[in-house]
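Report on one structure; see the data block that follows.
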Amino acid sequence: MARAVSLGLAIVCAATLTACAGNREIPRSDLAAAQTTTIGVNSYLWRAALDTLSFAPTAQVDSAGGVIVTDWYTNPSSPNERVKITATILDSDLRADALRVAASRQVNQGGQWVEAPVAAATVQKLEEIILTKARELRRNAVSG
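Taking mature numbering (1 follows the signal peptide of the UniProt record, and there is no 0), I'd label the letters of the sequence shown as residues -21 to -1, 1 to 123.
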């Protein structure tokens, strides 16, 4: 019984693939879109996030899962404050809701690092920068 089901499934798949096999050219924009999923997530968002967060050392990078986590970063002009950022790419499409950025902030009080609030505008600005870079990368790939 299982063998018959497997054989039937194979025939259906082969017929479907045969119907798709035409001699048509793939439009340039389709090629660019197809290249976005080779790493498991949207490659434009991935590259833009890596580039945007390159100021901080990375603690974790998972291209298949779409997660970039920085290590704690201290700006030399603010030595008593540090931030840690996580960028998560949630989809293979280049959309605003396919990106989530979260940040943690700590301040040094008496030699101890203490959690401090992160301004929502900071996270929003990082998302905007990543999305703008991703759109620019895609525009350059499609037109070039």
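Every residue gets a Cβ at the ideal spot worked out from N, C-alpha and C, and that includes glycine.
Residues sharing a beta bridge with Arg79, DSSP: The sequence position of residue 79 within the sequence shown is 100, counting from 1. Under DSSP, Arg79 shares a beta bridge with Thr67.
Val93 and Val102 closer than 8 Å at C-beta: Locating residue 93 in the sequence shown gives position 114, counting from the first residue. Locating residue 102 in the sequence shown gives position 123, counting from the first residue. The answer is no: Cβ separation not under 8 Å.
Check: Leu73 C-beta below 7 Å from any heavy atom of the ligand MN: With respect to the ligand MN, the structure offers nothing, as it holds no ligand at all.
C-beta contact flag for Leu32 and Ile47 at 8 Å: If you number the sequence shown from 1, residue 32 lands on position 53. If you number the sequence shown from 1, residue 47 lands on position 68. Yes, Cβ-Cβ distance for Leu32 and Ile47 is below 8 Å.
Candidates Gln91, Ser71, Arg84 and Pro55, of which the one nearest Trp25 by Cα: Counting from 1 along the sequence shown, the entry for residue 25 is found at position 46. The option with the nearest alpha carbon to Trp25 is Ser71.
Where Val20 falls, given that 16 or more other Cβ within 10 Å makes a residue buried: Here residue 20 refers to the residue found at position 41 of the sequence shown. Buried.
Whole-angstrom distance between Leu110 and Asp76, CA atom to CA atom: Taking the first residue of the sequence shown as position 1, residue 76 is located at position 97. Taking the first residue of the sequence shown as position 1, residue 110 is located at position 131. About 10 Å.
Beta-ladder partner(s) of Ala95, from DSSP: One-based indexing of the sequence shown puts residue 95 at position 116. DSSP, once it has assigned bridges, lists Arg84 as partnering Ala95.
Terminal residues of the alpha helix (DSSP H) in which Thr31 lies: Locating residue 31 in the sequence shown gives position 52, counting from the first residue. Run containing Thr31: Ser22 to Thr31, per the alpha helix (DSSP H) assignment.
Of the residues Ser22, Arg118, Leu29 and Leu116, the one placed nearest Thr65, counting alpha carbons only: Residue numbering aside, residue 65 sits at position 86 when the sequence shown is read from its first letter. It is Leu29.
Val62 vs Arg79 beta-carbon contact at 8 Å: The count along the sequence shown starts at 1 and reaches residue 62 at position 83. The count along the sequence shown starts at 1 and reaches residue 79 at position 100. Here Val62 is not near Arg79, since their CB atoms are 8 Å or more apart.
Host beta strand (DSSP E) of Ile18 (start-end): For this step, residue 18 is matched to residue 39 along the sequence shown. Counting along the chain, Ile18 sits inside no beta strand (DSSP E), nor does DSSP assign it H or E at all.
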